[in-house]
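Structure record follows, encoded as structure tokens.
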Amino acid sequence: MGVALVAGFFSFFSPCVFPLIPSYLSYLTGFTLDELQSRSLRVQLFTLLHTICFVAGFSVIFISLGASATYFGQILFQYRDWIMRVGGVVVIVLGLYLMGMVPVGFLSQERRFEFHRRPAGFLGSWLVGCSFAIGWTPCVGPVLGAILIYASTASDLSKGIKLLSFYSLGFAFPFILISLAFNFFLSRMKVVSRHGLAVRTISGLLLVGMGIVILTGSFPLVSQLLDSLF
0 MGVALVAGFF SFFSPCVFPL IPSYLSYLTG FTLDELQSRS LRVQLFTLLH
50 TICFVAGFSV IFISLGASAT YFGQILFQYR DWIMRVGGVV VIVLGLYLMG
100 MVPVGFLSQE RRFEFHRRPA GFLGSWLVGC SFAIGWTPCV GPVLGAILIY
150 ASTASDLSKG IKLLSFYSLG FAFPFILISL AFNFFLSRMK VVSRHGLAVR
200 TISGLLLVGM GIVILTGSFP LVSQLLDSLF
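What the sequence shown shows, in numbering that gives the first Met the number 0, is residues 0 to 229, in sequence order.
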């Protein structure tokens, strides 16, 4: 599960998610940037609750995708070896795409539900989280796709659910942390954003490595090793 946790963390810091965090928080809460920067306990609590609803929304979708991938993988269990081989190649291509070495046209287009007027209340933030997860973004898609490919080779449904639960946790934790320390985040945002290319490169290398171990059937051994570290 450590692989999925790290994948979720790197997804958060991708160039198509990280720079938009202030806009997301402002949209979810209805607060201006100045209000978010205030140290008002009310603003901080309100922001935290909306963020929790938001991450709960995208977590539900991610976990459902993981369960579905495992379910259909079990139906096609007799072709499991082929699924792993093809899946490994696909993950390697996704990694090369992230590093800018292979053009994949459809991954360069975002497909997501747009809320022109934010649904009211905490339920609205949950719905926005669901919309965020359903949308296919150029940076999140390859990493999420790699985890789903591995989930499709899982031996039981619970493993697929656990994989995407840890992916969601890795993605959600920085969101919640930033909602608690928004001013600190803003002061460091430009510094972190400068390393967007490095994040994409590291993510791409991780996917290439992940594709190789899936292709060779050695993923369980690597996964157990990483799980022992987390």
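All residues carry an ideal CB built from backbone N, CA and C; glycine is no exception.
Could you check what DSSP says for Phe105 in three-state terms: helix, strand or coil?
A caution first: Phe105 carries a pLDDT of 49, below 50, which makes its placement in the model unreliable, though a value can still be read off. Of the three classes helix, strand and coil, the one that applies to Phe105 here is helix, per DSSP.
Within 10 angstroms of its Cβ, does Met100 collect 16 or more other Cβ (buried), or is it exposed?
exposed
State the Cα-Cα distance for the pair Asp33 and Phe12, rounded to the nearest angstrom.
23 Å
Looking at Leu48 and Phe121, is the spacing between their C-beta atoms short of 8 Å?
With a cutoff of 8 Å on beta-carbon distance, Phe121 and Leu48 are scored as near each other.
Below 8 Å between beta carbons: does that hold for Leu168 and Gly56?
With contacts defined as CB atoms closer than 8 Å, Leu168 and Gly56 fail to qualify as a contacting pair.
Which stretch, first to last residue, makes up the alpha helix (DSSP H) that contains Leu40?
Leu40 to Ile74
Taking Ser130 as the reference, give the member of Ser10, Tyr23, Thr69 and Gly7 with the closest Cα.
Tyr23
Alpha carbons only, please: which of Phe172, Gly29 and Ile133 is nearest the one belonging to Ala6?
Phe172
Backbone CA spacing between Ser39 and Ile175 [nearest angstrom]:
17 Å
Report the rounded CA-to-CA distance for Leu93 versus Gly86, giving the unit in angstroms.
10 Å
For Gly29 and Phe8, what's the separation of their Cα atoms in angstroms?
26 Å
As a quick exercise: from Met209, Tyr166, Leu204 and Ile201, pick the residue whose alpha carbon is nearest that of Val54.
Tyr166
With a 10 Å radius around its C-beta and 16 neighbouring C-beta atoms as the bar for buried, classify Arg187 as buried or exposed.
Result: exposed.
Thr28 (DSSP reduced to helix, strand or coil):
helix
Tell me whether Ala197 is buried or exposed, calling it buried when 16 or more other Cβ atoms sit within 10 Å of its Cβ.
exposed
Own chain, CB closer than 8 Å to Phe45, minus 5 neighbours either side, in chain order:
Thr28 and Phe30
Taking 8 Å as the CB-CB cut-off, is Ser63 touching chain B?
In the structure shown, chain B cannot be found, because there is only a single protein chain.
For Val207 and Val90, I'd like the C-alpha separation in whole angstroms.
Distance between Val207 and Val90, taken at the CA atoms: about 7 Å.
Please determine, among Trp81, Val88, Leu97 and Ile74, the residue with the shortest C-alpha to C-alpha distance to Asp232.
Residue numbering for the chain in the displayed model covers 0 to 229; residue 232 lies beyond these limits and cannot be assessed.
Determine the closest residue to Ile60 out of Leu185, Val212, Leu204 and Phe170, with distance taken between C-alpha atoms.
Out of Leu185, Val212, Leu204 and Phe170, Phe170 has the C-alpha closest to the C-alpha of Ile60.
For Val16, report the span of its alpha helix (DSSP H) as first-last.
It is not in any alpha helix (DSSP H) - Val16 carries neither H nor E in the DSSP assignment.
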